[in-house]
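Residue numbers for the sequence shown follow the working numbering, beginning at 511 and rising by one. No residue lacks a Cβ here, since even glycine has one placed at the ideal position from N, Cα and C. Just so we're clear, the structure is a prediction, and the values are computed from it rather than from any experiment. Working notes for the structure below.
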Amino acid sequence: MFDTVIQGIFSSTADITLGGFLIGVGSALVLGIAMAFMYMYKNKYTKSFVITLATLPAIVSIVIMMVSGSIGAGVAVAGTFSLVRFRSVPGTAKEIGSIFLAMAVGLACGMGYPLYALIFAVIMGVANIVLTAAPFGESKKNELDRVMHITVPEDLEYAGIFDDIFVKYLTQYKMIQVKTTNLGSLNKLTYNITLGKAGCEKQMIDELRCRNGNLEINITSQSTDGREQL
């Protein structure tokens with residue numbers, strides 16, 4: 511039995527038995543659920559994504575199981591990887607990586623190697639948990655870092671107009687974007703800033719409003735939660 515699991519529980523669609531089918535799909539489903547639990551460790555997630563991650567290996571395994579040994583296997587394998595497009599919004603790097611991991615496990619189970627799928631899932635799961643818990647890859651975060659959006663009239667010469675206020679309240683500032691809004695009648699300026707001290711936002715906003723015609727000013731924290739999109 512152990513040799514059978516290592517060498518493959520089936521080699522072509524003609525060799526698939528009910529027992530082999532249940533082993534392949536069952537092992538893929540169990541490993542998928544395990545990977546879903548590992549993904550939930552210290553991660554933000556939705557129920558729909560976790561359920562999809564849990565069931566994806568079983569879905570991939572049955573697809574590969576049905577075409578194993580045929581000339582269409584290569585096309586089918588390539589097709590399964592297009593499943594990453596099931597998301598209607600851009601995914602984060604970790605979400606996309608988890609989807610590919612689930613598909614790799616499903617491929618291994620579908621080809622008849624549940625033991626190798628288990629070993630691979632355990633190795634990657636442990637690596638994922640360790641790297642998530644460790645400070646590996648974390649950027650240095652300053653609690654005073656902010657993103658500021660200032661709306662100004664289109665006829666205002668904004669270059670350097672706020673510099674004296676910035677010098678008064680900020681230790682660092684850099685304009686990163688200029689965007690027109692309201693059909694081009696307004697400009698929205700975006701800055702990365704570092705406050706000189708906590709709690710000085712109101713005083714700075716009051717002075718900025720005198721320069722931008724009392725238009726909208728928005729200050730938010732700089733996000734460092736790893737929402738890199740692929």
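So for residue i, helix, strand or coil by DSSP?
i: L693; result: coil
i: Y679; result: helix
i: P645; result: coil
i: K712; result: helix
i: R656; result: strand
i: L725; result: coil
i: L566; result: helix
i: L699; result: strand
Given that a residue counts as buried once 16 or more other Cβ atoms are within 10 Å of its Cβ, and exposed if not, what is residue i?
i: N692; result: exposed
i: C619; result: buried
i: N722; result: buried
i: I633; result: exposed
i: G542; result: buried
i: V662; result: buried
Output needed for residue i: all residues of its chain with C-beta closer than 6 Å, excluding positions within five of it in sequence on either side, in chain order.
i: M714; result: Y679
i: I729; result: R656, M658 and E711
For residue i, collect the residues of the same chain with a Cβ closer than 8 Å to its Cβ; drop the 5 residues on either side in sequence, then sort them by chain order.
i: A708; result: E653 and L654
i: I686; result: T700, Y701 and N702
i: A544; result: A631 and G635
Using a Cβ-Cβ cut-off of 7 Å (strictly less than) and excluding sequence neighbours within five positions of residue i, which residues of its own chain qualify?
i: Y626; result: A618
i: V570; result: T590, M613, G616, L617 and G620
i: I639; result: M548 and Y551
i: Q682; result: I703 and T704
i: V688; result: N697 and L699
i: L718; result: I660, F672, I675 and I727
Return the CA-CA distance between residue i and residue j, expressed in angstroms with no decimal places.
i: G536; j: G529; result: 10 Å
i: S695; j: N702; result: 24 Å
i: L705; j: Y549; result: 35 Å
i: L641; j: I561; result: 23 Å
i: L628; j: Q732; result: 39 Å
i: A643; j: I609; result: 20 Å
i: G647; j: T527; result: 46 Å
Mind checking if residue i is an interface residue toward chain C, Cβ cutoff 8 Å exclusive?
i: G706; result: Included in the structure is just one protein chain, with no chain C present.
Taking only runs of the alpha helix (DSSP H) that begin and end inside the region 601-642, which ones reach a length of at least 4 residues, in chain order? DSSP runs (the alpha helix (DSSP H)) wholly in the region 601-642: 603-620.
What are the start and end residues of each continuous alpha helix (DSSP H) run of 4 or more residues lying completely inside the region 525-562, in chain order? Complete alpha helix (DSSP H) runs here, min 4: 528-549.
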